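This report concerns only the one structure given below.
Protein chains in written order, with this note's numbering: chain A, 64 to 320; chain B, 87 to 470.
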């Protein structure tokens, strides 16, 4: 059976979204996106120069791949809203990853400003993908505001530390009706696999691919890991146990059970 | 540790520090610990700057490379300086624009600003740093605002490196479209500062020291500070620069803090103001190795800050610095007013300081690409 992620009227077969920053060149970025067979790529509007006569990052996103502008650099809802509008006016699709960061030391998102921006942009018809610190109440509010998905972080951007927020992400996956897409901090393919095993709808990876010695090989590895994790989730993961269960010390006296 | 203290008060705490003794007492073990630490802290920063760290420089450099890669990727941001005016009321002893220097003084007309902007924009650069000497009469805020309005048509990010302003004045420029402030203290040791800046408004150490803070308060997106290495002892200066950056980062979470490490040559080839032989000799020597130690120490201490290397450094040294922790470089630089549009003979001798890396934006782009780094020509979109 084909496994499809239906989101904002699109049918995606690949659940690995890829970020386009930090690569040593646009052409290498393109090769990595192709190797990952990604169908959604995020692009920081701050880096897009549509007037450039020589190099425009958008020309290097493979055809058919959805370009999701992000609001990187926004410090509050107002700036994020303005960036999203500029992106749309520039001809981008109406998908937008809301990224609002007031903390330049750890690059952790500001959930309250993110909610404000999501409310405004969803009303204006944007397909809103908010990047957030994993928090159940906030995820519910974002869903109510009309977000297309929620994007909790696994660990701080660029840290490559993996799914440090696992418990919180698991709760969100269980409770939130819209897709949960883990974004940021995934350092190894096995981290991405772990998210998919938990039942996340997709993951977004940038740094770990972009700064690998071979970004193309790493893109492929992440793509395979995401597929493996998804298949494991769909196949019904057997629950893990920390010790053998040969005897029943508490209920063994009930001979007849 | 320093809650509710201004940076002047913090600096003052180090005034009577026995620097040599304290740096000298640091062991290789202390340095190893700092290199391995996730949160280096002030003590660790001091260890990284110490003489004991010199033998561990390669190890620290590798760590610096790794941290920079994770935070900024394989990218280097490019920008270029544009001098609007060289009128100046100060007499800074090392500067070509010193008010006593008999050089041709001029301020670009708005038509010339447009011409030079067009010339820079044709290289693809979207980030510009505009500079003036310190003359509130000849390059007033109103003039800078007019220039910014013209420049906005060509660039998506405009930073200023001009005389220190009040917070209200900074706010005015922010609302006109300026998003970045660069202001160097030049030298943190106050006694040396006073000797280097004997007259003019720049002789006020305190007004300059607090300027980055006023800029951040006014809503500047990025604030870039620096020390002119060679004016004071480099260890102490680097330490106080790093501490200043940390102070700003802790106080203004949403401002991107950056540092520059310009170095003034001990043996100037010629007098930058008059073009004659001789010129200002920096009182302290700062070697290439020292500069590398400063860069990697700053990176380990403050993993997220921007680090700029200007064209004061020569081409081959700049190239070697690329993977070490640097995030921003200038390209196609000139330190003359109208350097890109005025005929060569007219501008001889009117530069602020000597440029060693004279390569064009295109050449710097190619150099970065050959080192597997992406030159970033645009990193912000003006929202005003």
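We treat Cβ as the ideally placed atom computed from N, Cα and C, and that holds for glycine. Owing to the predicted nature of the structure, the values given are computational and were not obtained by experimental measurement.
- Compare the C-beta of residue 458 of chain B with all C-beta atoms of chain A and state if any pair is closer than 8 Å. At least one chain A Cβ lies under 8 Å of residue 458 of chain B.
- Is the shortest distance between the beta-carbon of residue 330 of chain B and the beta-carbons of chain A less than 8 Å? No, residue 330 of chain B lies away from the interface with chain A (no Cβ there is under 8 Å from its Cβ).
- Task: Measuring alpha carbon to alpha carbon, tell me which of A:278, A:223, A:111, A:302 ends up nearest residue 98 of chain A.
- Result: The option with the nearest alpha carbon to residue 98 of chain A is A:278.
- Item | Limits of the beta strand (DSSP E) - the one that residue 104 of chain A falls within | Segment 103 to 107, the beta strand (DSSP E) holding residue 104 of chain A.
- With DSSP as the reference, please indicate the residues paired to residue 158 of chain A in a beta bridge. Answer is A:190.
- Message: Is any non-hydrogen atom of the ligand NAP found closer than 7 Å to the C-beta of residue 91 of chain B, if you look at the structure I gave you?
- Response: The ligand NAP is not among the ligands present in this structure, which contains no ligands whatsoever.
- Message: At the 8 Å Cβ level, is residue 112 of chain A part of the contact set with chain B, yes or no?
- Response: Output row for residue 112 of chain A: interface = yes.
- Query: Closer than 8 Å, CB to CB, is residue 254 of chain A near chain B or not?
  - Reply: The C-beta of residue 254 of chain A comes no closer than 8 Å to any C-beta of chain B.
- Task: Pick out whichever of A:289, A:93, A:249, A:112 has its Cα sitting closest to the Cα of residue 104 of chain A.
- Result: Selected option, being the one with the closest Cα: A:93.
- Item | Contact with chain B by residue 177 of chain A, beta-carbon distance below 8 Å | Residue 177 of chain A does not count as touching chain B.
- To the nearest angstrom, report how far apart residue 204 of chain B and residue 297 of chain B are at their CA atoms. Residue 204 of chain B and residue 297 of chain B have their C-alpha atoms some 31 Å from each other.
- Query: Beta-carbon of residue 117 of chain A versus every beta-carbon of chain B: anything under 8 Å?
  - Reply: Interface criterion met: the Cβ of residue 117 of chain A is under 8 Å from a Cβ in chain B.
- Query: Would you call the CB atoms of residue 296 of chain A and residue 259 of chain A closer than 8 Å?
  - Reply: In contact: residue 296 of chain A and residue 259 of chain A (Cβ atoms closer than 8 Å).
- Task: Find the residues of chain B that neighbour residue 109 of chain A, judging by a C-beta separation of less than 7 Å, and give them in chain order.
- Result: Within chain B, the residues near residue 109 of chain A are 465, 466, 467.
- Could you confirm whether any beta carbon from chain A is found closer than 8 Å to the beta carbon of residue 303 of chain B? In terms of beta-carbon proximity, residue 303 of chain B stays away from the interface with chain A, with every pair separated by 8 Å or more.
- Task: For residue 300 of chain A, count neighbouring Cβ atoms within 10 angstroms of its own Cβ and tell me buried if that reaches 16, exposed if not.
- Result: With fewer than 16 other Cβ atoms within 10 Å, it is exposed.
- Message: Measuring straight from C-alpha to C-alpha, what distance separates residue 131 of chain B and residue 381 of chain B?
- Response: Distance from the CA atom of residue 131 of chain B to the CA atom of residue 381 of chain B, rounded to whole angstroms, is 11 Å.
- Message: Would residue 288 of chain A and residue 255 of chain A qualify as a contact pair, given that the criterion is a beta-carbon distance under 8 Å?
- Response: Going by C-beta atoms, residue 288 of chain A is nearer than 8 Å to residue 255 of chain A.
- Message: Measuring straight from C-alpha to C-alpha, what distance separates residue 293 of chain B and residue 188 of chain B?
- Response: About 28 Å.
- Message: Can you pull out the residues from the segment 81 to 111 of chain A whose beta carbon lies closer than 8 Å to at least one beta carbon of chain B?
- Response: Residues passing the 8 Å Cβ filter: 84, 85, 86, 87, 88, 89, 108, 109, 110, 111.
- Query: To which residues does DSSP link residue 266 of chain A through a beta bridge?
  - Reply: Residue 266 of chain A has A:79, A:245 as its beta-bridge partners, per DSSP.
- Which runs of the beta strand (DSSP E), 3 residues or longer, sit entirely within the segment 264 to 301 of chain A? Within the segment 264 to 301 of chain A, the beta strand (DSSP E) runs of at least 3 residues that lie entirely inside it are, in chain order, 265 to 268.
- Query: Looking only at C-alpha atoms, which of B:323, B:442, B:414 sits nearest to residue 101 of chain B?
  - Reply: Closest option to residue 101 of chain B, Cα to Cα, is B:323.
- Message: Quick check on the burial criterion: 16 or more other C-beta atoms within 10 angstroms. Buried or exposed for residue 355 of chain B?
- Response: Because the pLDDT of residue 355 of chain B is 49, which lies under 50, any placement of that residue in the model is unreliable, and the number read from its coordinates should be weighed accordingly. With fewer than 16 other Cβ atoms within 10 Å, it is exposed.
- Message: If you follow the beta strand (DSSP E) that residue 267 of chain B is in, where does it begin and where does it stop?
- Response: Segment 266 to 272, the beta strand (DSSP E) holding residue 267 of chain B.
- Cross-chain neighbours of residue 221 of chain A in chain B, by beta carbon under 7 Å: Under the 7 Å cutoff, chain B gives 156, 157.
- Item | Members of the segment 203 to 235 of chain B that neighbour chain A once the beta carbon cut-off is set at 8 Å | Those residues of the segment 203 to 235 of chain B that come within reach of chain A (Cβ to Cβ, closer than 8 Å) are 210, 212.
- Item | Whether residue 192 of chain B touches residue 172 of chain B by CB criterion (8 Å) | A contact, by the Cβ cut-off of 8 Å.
- Message: Starting from residue 298 of chain B, trace the alpha helix (DSSP H) in both directions and tell me its first and last residue.
- Response: Element bounds for residue 298 of chain B: 297 to 303.
- Item | Cβ-based contacts, 7 Å cut-off: residues of the segment 163 to 196 of chain A near chain B | Within the segment 163 to 196 of chain A, the residues whose Cβ lies closer than 7 Å to some Cβ of chain B are 165, 166, 167, 168, listed in chain order.
- Task: State the DSSP-derived secondary structure class of residue 428 of chain B, mapped to helix, strand or coil.
- Result: Residue 428 of chain B: coil per DSSP, three-state reduction.
- Item | Opposing strand residues paired with residue 490 of chain B [DSSP bridges] | This structure cannot settle anything about residue 490 of chain B, because the visible part of chain B is limited to 87 through 470.
- Between the beta-carbon of residue 270 of chain A and the beta-carbon of residue 221 of chain A, is there less than 8 Å? Yes, they are a contact pair.
- Task: Would you check if the distance between the CB atom of residue 394 of chain B and the CB atom of residue 318 of chain B is smaller than 8 Å?
- Result: Not a contact, by the Cβ cut-off of 8 Å.
- Task: Out of A:201, A:167, A:244, A:313, point me to the one whose CA is closest to residue 309 of chain B's CA.
- Result: Looking at the Cα atoms, A:167 is the closest of the given residues.
- Task: State the Cα-Cα distance for the pair residue 229 of chain A and residue 267 of chain A, rounded to the nearest angstrom.
- Result: Each residue's Cα considered, the two are about 15 Å apart.
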